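Scroll down for the structure; my scribbles are underneath it.
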Amino acid sequence: MSKELVEAFNALPRRPKAPSGLVPNEWHFDIRYIQMEPTPSHIIYFLQPESHFTHMERLPIGIASNQSGLKFFPETAKEAAPTVAKGILHAFVNNMGCNDKKLYPHTEAYAPWKLFTEEKSLAVAVGKELKRMGVRPDDLCTIGVSSRAVVQTARKDFSGFFYGLKMVCGLEDMVAAVIQAPDSIKFENYRVPQPEPMSAIEEELNRDLDDEGRLLNEIGKYCTIWSSGLPSDGTEYEAKSHGNKIFREIEIIKARLEEKPERVVNAAADRGDADAALDYGIRQGTFFQNICALSIGLGCKRNRKRSRDYLIKAAYSSKSSQTIKAMAHGILIQWYLESNDGGIHPRCAFAAAHHCNIAAQLCLDVSPSGARASPAVLWFMSKTFKNLSEDVPEMYYWYKDAIHALEVREKQYGENRKKMAKKRLKNTVRYRCAALGCDIEADTGAMLSRCSGPCDADKKPYYCSKECQRADWKNHKPFCRPGAECSVVDDGSKYNMSDTAPAHKSEAGALQIPITFKDGKTILFSSSTMDMSKELVEAFNALPRKARMPSGRVPNEWHFDIRYIQMEPTPSHVIYFLQPQSLFTHMERLPIGIASNQSGLEFFPETAKEAAPMLAKGILHAFINNMGLNDRRLYPPTDAYAPWKLFTEDRSLAVAVGQELKRIGVRPDDLCHIGVSSRAIGQSAQENFSRFFDGLKKACGLEGIVAAVVQAPECIMFQNYSVPQPKPVSAYQEGLNQDYDDDDDKLMNTILEYYNVWSRGVPSDGTEYEVKSHGDKMQRQIETIKARLEEKSEHVVNAAADRGDGDAALDYGVRLTVGLGCKLNRKRARDYLIKAACSSNSSQTVKAMAHGILIQWYLDSTDDRQTIRARYLFAAAHHCNMAAKLCVGLSPSDASASSGVLWFMSKTFKTMSGHVPELNYWYKDAIRAMEAREREYEQGRSRMVKKRLKNTIRYRCAAPDCDIEADKGSMLSCCSGPCDADKKPHYCSKECQRADWKNHKPFCRPGAECSVIDNGSKYDISATAPTHKSEAGALRIPITTKDGETVMFSSSTMDAQMLKDLKEASKKHLKGL
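First residue of the sequence shown: 1, per UniProt numbering; consecutive thereafter.
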């Protein structure tokens, strides 16, 4: 529309004089804010000074008369310029509204000769915008500055216009008198608010906090802002201090921020997601420049303008729920108040009050009857509105819903406060700590403990802690007898009990303390949760701890280690405990809390540091739960107790778990210094675990030869293991990457790696598609994959995966595996593939693919000697078995399993099952899949061999140095000469035919022998036979890999020369290795 508008404006006639010829064709314009409810908006006001002709256009152009214009709220001339420029063009193209007036004949539309405005910065910004849009001539883009006389005339004429507007709106008498005409907006006198510096206490706290602490502090601020807009649910929750809410919600918000980084929530907001717009508006406008740098990686800098833009989207979107609208309007209030630089600008005050009024209206619809409005509404009304309305009385007229909300809350608050004050005055000592110098109070008497001595019940002092009770004993001791007076001393430092009475008591009870701010104001900070964190650690720290066991016969010292239990269908890691002298053992499945019918493979640590958090939790859980003795009914158990000393066999694990115990607050410190078990204790642990494992096998019904081959696992030693480093999917692709200099080529190569990994997991559709080379599919799918990557960036797919989207988790896991659009990350790749495999939200196809792709993750741990650790082998086989089982339900009857399953079974399982025979017991579904595929393969291959042996020369290029073959004879061209049909040589290209002509020429006659020469370099035609022929036909060429294996690379889309070039590139790479 802008282009057409400019063209229409440029086509208007333009002269120095107005059409009447009596006055100059020169116009003054300015911007003003019309505060009249319910549709406040900015306007552009035009004045022809000599004729006093005026015109007004609501901004932004095109908004309906019943629609608020607050989407446009510029804070600088540069921000205002685009909309103002459009308003100027629209006004003149539409003839200053004269075309709509039917009272008198009007002249045709015309362009101005000159434009002026009061403010220089606006003149410059609008002039630049007009020039940028293409307005002609250029001198019209040089906007002048109006004289003082013109400005005064504009003010006077606008007042007259505004008076008429009030009359039209039915505002008369006193109301009309108090509603003041707005003045023009002057951007030069306005400073865009900057982030406020931290207070002294915040700076001090920040200095003492580490990055995690600062992050939690910022999330607390986010929580406070978010909750300020929440409509009431009818309880007294909002009246509590923010302390409670911050500590309850902090983990939820942290997870939300990690799940939805900036790009994800930004994109969702731009698509019209109102919840995302609200979330993003808060992030942009509050504190996320800090959060981004700490850990979440949002890259989100504080942006006041964008903050408001997204909050406005949430407030006015037709897709927004009433709750979202109420929250957005409530949160927006503070945006305008931040412009207060010693005195709030009138339009900011009116706009804040407008949002407050709308929020109050919406809260009535959303909240139960009689509930109060949101905290943001009530805060503004009590702290800002009251003061402003004394100077601007028209506010009482415009914002009646907000006033009503304040009156309801004040009435409610007053009644509740009277009740609480009356109750507290009956027994003043019950709600306040009696210790001198302590200001702690409680909203319920039960939150404080009282003296248990013989003093009278109504005179007993109450204390917030044992420390305060001990400190006050010297004072209370003489009064701790029947009939004595109350010992509580009022030293003048306490606050009046009625003044500090809360409006209600909390359900759980809360402690509160007065805090004085730098302005001298004192508030009561309260919380019912600040002493409830780290329950597990506190429970452990509270356990009795002695050097010897309760029996007194053996030391209270424990060995622990971590092992992998391979038993299907629920393999998992365990933490195993042994008291060496008594040989008492205990085992906990990891992660703690998983069901007995659930696999524990989501936890698969590769380093001691990775394992430590889960092991530390397992240790605490085991001792708190008395090593499972409380669940045994055979004999009375002793009470739970803490260990005196802990040991483990792996030194790196001892250090890592000790550090984790210290980090989470385990006491005393010497318990966090974990020792290294002696060799004798390590051997004893293995012997005792083997006995335990024998019992486990019997319990599972394993007997005879099966029980004999199922071996007890040993403890995991992290210190002897190196985590595999990221490596290319294939040697061939590694060589390509080294040869490529262009980023696009490297990207294409990485896409091919992505495809290769992805295709491993795809269940069969019943055709022979899986046994084709990757060549065909690469060519057909490459653009599809590129499009998917462009559509879904790393941040988008990461966020979707974190929300539980199984498809996204699978996609992101593969991306992390090959480093496509993100950095290679072995640990995260597995985490997201496990999400896809185990999520209840994943389809059966996604689960099958994820299990199939995960196989290779464990095989990558194979060292240079091609050995694989036992738990990696078992875990790979588990995923293979699961994938094979799922493929049976997804694929047609008799179809093969996915390529990932078949590759593992043929290349790894066959070899390893000879050394680890129990593999043949646990993974029957995978074995059946391999056997079915072998039968199918042999049947198909025997058919193709039989056909090729009938005419061996038909399927191979006759040129001596060419190794090209075809799966269909029609893929090669034959000699068109007079030689016999069954003796004709076949060629992959004209070049090969010309190169072989010297050899074939003597034989190119009827009755001659075949000219095809076997120089010994060709492969046996039976050995290279495919299992089937492709529908379109394919060319094939043998390529040797770095391990000496030769594979037939085939394609129905690449010509012979491309295949030869591919082989040459492979040879060059092998020579360079």
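Built from N, CA and C at the ideal position, the CB exists for glycine as well. Treat the numbers as computed from the prediction; the structure is a model and nothing was measured.
Can you tell me where the beta strand (DSSP E) holding residue i begins and where it ends?
i, result
"Q579", "572-579"
"L590", "584-590"
"residue 1135", "With the chain represented from 1 up to 1073, any question about residue 1135 goes unanswered, as that position is not in the structure."
With DSSP run on the structure shown, which of helix, strand or coil describes residue i?
i, result
"H55", "strand"
"Y858", "helix"
"Y45", "strand"
"D561", "strand"
"C141", "helix"
"I523", "Because the pLDDT at I523 is just 49, under 50, the model does not fix this residue reliably, and the point stays unresolved."
"residue 1080", "Here the chain comprises residues numbered 1 to 1073, so residue 1080 is not present and cannot be evaluated."
"L103", "Confidence in L103 is poor, its pLDDT being 44 and thus under 50, which makes the residue's placement too unreliable to answer from."
"G695", "helix"
"V771", "With a pLDDT of only 40 at V771, under 50, the local geometry of the prediction cannot be trusted, and the value read off the model is given with reservation. Looking at V771 - three-state DSSP - the assignment turns out to be helix."
"M532", "Reliability fails at M532, whose pLDDT of 33 lies under 50, so the model's placement of it is uncertain and the value that follows must be treated cautiously. M532: coil per DSSP, three-state reduction."
"E1064", "helix"
"L634", "Unreliable placement is indicated for L634, whose pLDDT of 41 sits below 50; no coordinate value is reported for it."
"E965", "strand"
"A959", "coil"
"A850", "helix"
"A640", "coil"
"E687", "helix"
"I358", "helix"
"T235", "coil"
"E75", "coil"
"S2", "helix"
"Q152", "helix"
"E1009", "coil"
Report yes if the C-beta distance between residue i and residue j is below 7 Å; otherwise report no.
i, j, result
"S1050", "R1036", "yes"
"G272", "S307", "no"
"D963", "P1038", "yes"
"H573", "F603", "yes"
"S896", "S764", "yes"
"F904", "C887", "no"
"E118", "S184", "yes"
"V818", "E753", "yes"
"P49", "T153", "yes"
"F350", "Q35", "yes"
"residue 1128", "A315", "No information on residue 1128 is available, as it lies outside the stretch 1 to 1073 that the chain covers here."
"A268", "A276", "yes"
"I333", "A352", "yes"
"H354", "P60", "no"
"S898", "V762", "yes"
Since residue i is in the alpha helix (DSSP H), which residue starts that stretch and which ends it?
i, result
"V124", "120-133"
"L886", "870-890"
"E703", "Counting along the chain, E703 falls outside any alpha helix (DSSP H), and DSSP gives it neither H nor E."
"L337", "322-337"
"G618", "608-624"
"R306", "304-316"
"M96", "Looking at the DSSP string, M96 is not in any alpha helix (DSSP H), and its letter there is neither H nor E."
"A375", "The displayed chain sequence assigns Pro, not Ala, to residue 375. Element bounds for P375: 375-380."
State the beta-bridge partners of residue i as determined by DSSP.
i, result
"residue 1079", "Nothing in the structure corresponds to residue 1079, since the chain is present only between 1 and 1073."
"R14", "A111"
"P555", "R548"
"F116", "H28, G144"
"P1038", "M1048"
"G675", "F647"
"S449", "Y463"
"C715", "R563"
"A91", "A91 is not bridged to any residue."
Is any heavy atom of the ligand ADP found at a distance shorter than 6 Å from the C-beta of residue i?
i, result
"K885", "This structure lacks the ligand ADP, and indeed carries no ligand of any kind."
Next on the checklist: Which complete beta strand (DSSP E) runs does the region 895-945 hold, if anything under 3 residues is left out?
Outcome noted: none
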